[in-house]
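Okay, so here's the structure we're looking at.
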Amino acid sequence: MRRVVLAYSGGLDTSIAVRWLIENRDAEVIAVAVDVGQEADATSDSWEAIRQRALAAGAAEAIVVDARQEMAEEFCFAAVRANARYEGKYPLVSALSRPVIVRHLVRAARDHGAHAVAHGCTGKGNDQVRFEVATRALAPDLDVIAPARVWGLTREQSVEYAAKWDIPITVTKEKVYSIDENLWGKSIECGVLEDPWVDPPEDIFTMTRITASSPVEVVVGFEQGVPVSLDGERLAGDDLVVALGRLAGSTGFGRLNMVENRRVGIKSREIYEAPGALALLMAHADLEDLTLERDLQHEKARLEPRWAELVYDGMWYSPLKQALDAFMTESQRHVTGEVKLRFSPPGAGFVVGRRSPVALYDRSLATYDSGDAFHHEDAEGFVRLWGLGIATWAARQGEGRAES
Ligand code: ARG
Numbered sequence: 008m009r010r011v012v013l014a015y016s017g018g019l020d021t022s023i024a025v026r027w028l029i030e031n032r033d034a035e036v037i038a039v040a041v042d043v044g045q046e047a048d049a050t051s052d053s054w055e056a057i058r059q060r061a062l063a064a065g066a067a068e069a070i071v072v073d074a075r076q077e078m079a080e081e082f083c084f085a086a087v088r089a090n091a092r093y094e095g096k097y098p099l100v101s102a103l104s105r106p107v108i109v110r111h112l113v114r115a116a117r118d119h120g121a122h123a124v125a126h127g128c129t130g131k132g133n134d135q136v137r138f139e140v141a142t143r144a145l146a147p148d149l150d151v152i153a154p155a156r157v158w159g160l161t162r163e164q165s166v167e168y169a170a171k172w173d174i175p176i177t178v179t180k181e182k183v184y185s186i187d188e189n190l191w192g193k194s195i196e197c198g199v200l201e202d203p204w205v206d207p208p209e210d211i212f213t214m215t216r217i218t219a220s221s222p223v224e225v226v227v228g229f230e231q232g233v234p235v236s237l238d239g240e241r242l243a244g245d246d247l248v249v250a251l252g253r254l255a256g257s258t259g260f261g262r263l264n265m266v267e268n269r270r271v272g273i274k275s276r277e278i279y280e281a282p283g284a285l286a287l288l289m290a291h292a293d294l295e296d297l298t299l300e301r302d303l304q305h306e307k308a309r310l311e312p313r314w315a316e317l318v319y320d321g322m323w324y325s326p327l328k329q330a331l332d333a334f335m336t337e338s339q340r341h342v343t344g345e346v347k348l349r350f351s352p353p354g355a356g357f358v359v360g361r362r363s364p365v366a367l368y369d370r371s372l373a374t375y376d377s378g379d380a381f382h383h384e385d386a387e388g389f390v391r392l393w394g395l396g397i398a399t400w401a402a403r404q405g406e407g408r409a410e411s
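Count along the sequence shown starting at 1, add 7, and that's the number in my numbering.
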């Protein structure tokens, strides 16, 4: 028997994958469930229940890893530094969790002498790309097995398979949505949402359910581009994201309804809710407006979409992404200060103020009141030289040329 480390979620697909690997790959399965901050609400299972289910499904061993803090501080906050929004919108919720999960799969594979890792993704999505490319990057010698790409089971057949092997899963006959969740947000697909014209039903939202009746305000503190505090209280990264998300989400802020381009060539309709993520991204970009020198800010803006695209495409562990990270980190040296946010039900959120000890905003230069320190006489020569080329062009070739 050869050992295989399986990325285990506790759901139907990864549960029957345990048995499938035993039966079809003669494997001894090590199930690894990675806690990246999936919301533990009343209806979801405890991590211990998930661990027990993996064992009941036939796993030789089942491990739960708490990766919430590294998810927030190493992965989500790198995305904050890069103002990362794929196609200008999606804050990379699922894309950021896969490289964290893979890191722990590879670690477990080494600890247990496994020859392969396995995941429950189908062939249509981005997540298979992220799992596999990240695994290759960290451990080029490991094989990757994707049972769901091989078995070709319908949902009904999967339920029967689970029943046949006494795998204790709680499933409704019809699973309505496909949901992926972590502390950065939640993505919701399938069912009625597959029609891009259809308005998402209110009951799919859990992180942005509107409970506030009046606006709420919060001050986010950053040090060198890293979110460190809420209203002056220093918090660990994961706690900060969750607390800010609760606050912003209570006003309905943080929903996205979009069509995106998957790496595998399919356009898909996506609903996201990511209140903490979108609030931090908004605050951070605003603080950069106050603290980044113009050329640096403009060049950074050109590199940001590339960073987001690389992460979306599964290239978290790649030389270009690493090099861009070095640039992003260097750019954040002076992105320190506070941003005041206001969230107003239903769903509005905006920056209402910002301040920094190293702000490049200089009131004595900007003011139109007394105390003006700007040298107005410098402007005349500057503007004449700025326009000199245009004036020459106009006189010889443009509208203003002398008739010959
Ligand atoms: N389209 C999003 C992405 O590629 C969401 C993926 C959701 N994943 C899932 N297994 N349901 O990042």
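Backbone N, C-alpha and C fix where the C-beta goes; we use that ideal spot for every residue, glycine too.
Helix, strand or coil at residue i according to DSSP, with G and I counted as helix
i	result
E337	helix
V12	strand
P326	helix
F138	helix
G17	coil
Y184	coil
N31	helix
A355	strand
S377	coil
A47	Note on A47: pLDDT 49, under 50, position unreliable in the model; no value is reported.
K131	coil
I23	helix
R370	helix
V365	coil
K307	helix
S1	In the structure displayed, the chain extends from 8 to 411; residue 1 sits before or after that span and is not available.
W400	helix
G405	coil
D42	strand
G7	Because the chain in this structure spans residues 8 to 411, residue 7 falls outside the shown range and cannot be described.
A56	helix
I217	coil
D206	coil
Whole-angstrom distance between residue j and residue i, CA atom to CA atom
i	j	result
D332	A115	27 Å
R143	V113	10 Å
A170	E94	42 Å
I412	S185	Beyond the ends of the chain as shown, which are 8 and 411, falls residue 412; an answer cannot be given.
E46	E55	15 Å
D48	Q59	In this prediction, D48 scores a pLDDT of 46, lower than 50, which makes its location untrustworthy; the coordinate-derived value is nonetheless stated afterwards. C-alpha separation (whole angstroms): 19 Å.
Y368	A91	25 Å
Y279	C197	12 Å
G159	I152	14 Å
A315	L13	27 Å
W393	E387	10 Å
H341	V124	41 Å
D485	R262	In this structure the chain extends from 8 to 411, so residue 485 is not present and cannot be described.
W27	P154	7 Å
M265	H122	39 Å
A402	F389	20 Å
D385	R391	10 Å
R349	R162	44 Å
D202	R276	7 Å
L200	V183	10 Å
D379	R362	20 Å
A330	W323	11 Å
Q404	F381	36 Å
R301	Q339	14 Å
V359	D376	22 Å
Within 8 Å, strictly: CB atoms of residue i and residue j
i	j	result
L294	G244	no
F260	G354	yes
L310	K328	no
P352	T258	yes
V11	D42	no
F82	L103	yes
M335	R156	no
G44	M78	yes
V227	L237	yes
I23	I174	yes
A85	V25	no
A74	V39	no
Identified DSSP bridge partners for residue i
i	result
M289	Paired residue(s): none; M289 is not in a bridge.
L263	Y279
F229	P234, G344
K438	Absent from the model: residue 438. The displayed extent of the chain is 8 to 411, so no value can be given.
R241	S236
F350	V223, G356
S104	In the DSSP output, where bridge partners are listed per residue, S104 has none listed.
E68	I37
N268	K274
R97	For clarity, residue 97 is Tyr in the given sequence; the question names Arg instead. BP columns for Y97 point to Y93.
Any chain B beta carbon closer than 8 Å to residue i
i	result
I195	No chain B is present in this structure, which holds just one protein chain.
Closer than 7 Å: residue i CB and nearest ligand 3 heavy atom
i	result
P208	Because ligand 3 does not appear in the structure shown, any question about it cannot be addressed here, the ligands present being ligand 1.
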